[in-house]
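Numbering (the numbering used here), first residue to last: 1362 to 1509.
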């Protein structure tokens, strides 16, 4: 009695001698649940698990990697690696980066609504500095911009 003061074994039920029918019902319901709701559409409702992005043959033949990137905002702001720059600072930045990089290429990311004359001016600045310019995509953030 000293080693077992609460006599817990006396208060427990005896071990079951057979498996209850509820056990089989529970296992069956779990199996049905996982079969019905464990499909590939439950994991990602928008896409199937084996979804592949469509591709076009030869689409990457003319693709080039870029060495530098700038972003042109509709408000006239130009963002380079150094941060916000003016057109004069952009020319200096382009010349400085041209001296560091052999065969530099520039990706221009322009937001929707940037005037084309401003983009043409930046394009000519980059070409004057010795960059091969890759036109970037227009960011369709403005209402009505981009494909419909």
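Glycine included, each C-beta is placed from N, C-alpha and C at the ideal position.
The alpha carbon of residue 1433 has as its nearest neighbour, out of 1369, 1493, 1374, 1445, the alpha carbon of 1445.
In the DSSP assignment, residue 1496 is bridged to 1469. Looking from the CA of residue 1486, the closest CA among 1474, 1417, 1472, 1466 belongs to 1466. Residue range 1382 to 1398 is occupied by the alpha helix (DSSP H) that includes residue 1393.
With respect to the C-alpha of residue 1471, the residue from 1463, 1481, 1464, 1462 having the closest C-alpha is 1481. Secondary structure at residue 1371: helix, using DSSP grouped into helix, strand and coil. Of the residues 1442, 1430, 1380, the one whose Cα lies closest to the Cα of residue 1484 is 1430. Residue 1441 carries a strand assignment under DSSP once its states are collapsed to helix, strand and coil.
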